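Structure, as structure tokens:
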Amino acid sequence: MEFTILRYSDNVGSFNWEVSGPTRAVVVCDPVYFEVVLKVKGNVESQDKDLSLLTEPLTNHSSILYTCLMSKDYTSKLSTLELTFGYVVDSVEATISVCITEGSWPDGYIGQVTAHTSSLKNRVLLLRSEFENMPVSDDGMINLSRCVASVELEGKLTVSVVAFQHDHDDYDRINVVGKDEEDFSPRKSGKSYGRLDVGFCKMDVTVAWPLPSLIRPRYP
962 MEFTILRYSD
972 NVGSFNWEVS
982 GPTRAVVVCD
992 PVYFEVVLKV
1002 KGNVESQDKD
1012 LSLLTEPLTN
1022 HSSILYTCLM
1032 SKDYTSKLST
1042 LELTFGYVVD
1052 SVEATISVCI
1062 TEGSWPDGYI
1072 GQVTAHTSSL
1082 KNRVLLLRSE
1092 FENMPVSDDG
1102 MINLSRCVAS
1112 VELEGKLTVS
1122 VVAFQHDHDD
1132 YDRINVVGKD
1142 EEDFSPRKSG
1152 KSYGRLDVGF
1162 CKMDVTVAWP
1172 LPSLIRPRYP
């Protein structure tokens, strides 16, 4: 399941959070439960207040035969949560890594790395360095917040990177200064390789393919 997005809204306005995990694709072979705990943080932990508590089972998954996106709202006295996830059948788990091999990522540039499939266009956020520099280790490896996505065996995985910069005259305005994307064909095992070029640096993308994460039920 992909694209787990949580949204809180009240009379004041709406705030959006996108979950950076899970670190592995979720295999729907046993009962699956979504658990959400949102709190308003106080000065110390004892002052934290509950905003939303949710435990929701994924039911009737055996009747889902095709890849699809599902969404449902959950309303309580204090908030409304929108839970959205993708159900990907006949799929493999793609483990993605990105490494800068030429040039460097300039300080002050916002970086966004995403992935999506040919069947679900909603982009999975792998990293967005909104308030800090791009997290790059000494060997050039970009430390992604999330590195997995489920991809249909007969589909396609697209990994994208976009670089933004705040406008010099209007800081609230963000301009795109470089972007690129690379397509990968799913495999049942092994690795695939590609390259992204945003002008000021080049990045090697490696996608590792383990065993299928979910096989569609077969009926006579």
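Heads up: the sequence shown begins at 962 in my numbering, then just goes up one per residue.
Even glycine gets a Cβ: it sits at the ideal position worked out from N, Cα and C.
All of these numbers come straight from a predicted model, not from anything done at the bench.
Check	Outcome
Is I1061 closer than 8 Å to M1164 when the C-beta atoms are compared?	yes
When you compare the region 1107-1123 with the region 1064-1083, are there three or more beta-carbon pairs, one atom per stretch, that lie closer than 8 Å?	yes
Any idea what DSSP makes of S1013, helix, strand or coil?	strand
So if DSSP puts G1139 in a beta bridge, which residue, or which two residues, is it bridged to?	A1124
Identify the residues that DSSP records as bridge partners of E1113: which are they?	S1052
With 16 as the cutoff for other CB atoms within 10 Å, does P1147 come out buried or exposed?	buried
Under the assumption that G1118 contacts V1168 (Cβ atoms under 8 Å), give the Cβ distance between them as a whole number of angstroms.	Contrary to the premise, residue 1118 reads as Leu rather than Gly in this sequence. Indeed, because the Cβ distance is near 7 Å, the residues count as touching under 8 Å.
Within the same chain, show all residues whose beta-carbon is closer than 7 Å to that of Y1180, passing over the 5 residues directly before and after it, in chain order.	At Y1180, the pLDDT of 45 sits below 50, so the modelled position is not reliable and the matter cannot be decided from this model.
Can you round the beta-carbon distance between S1013 and L1030 to whole angstroms, since I take them to be within the 8 Å contact cut?	Wrong, their Cβ atoms sit about 22 Å apart, outside the cutoff.
As a quick exercise: from W1170, M1095 and W1066, pick the residue whose alpha carbon is nearest that of V1182.	The chain is shown from 962 up to 1181; residue 1182 falls before or after that span and cannot be answered.
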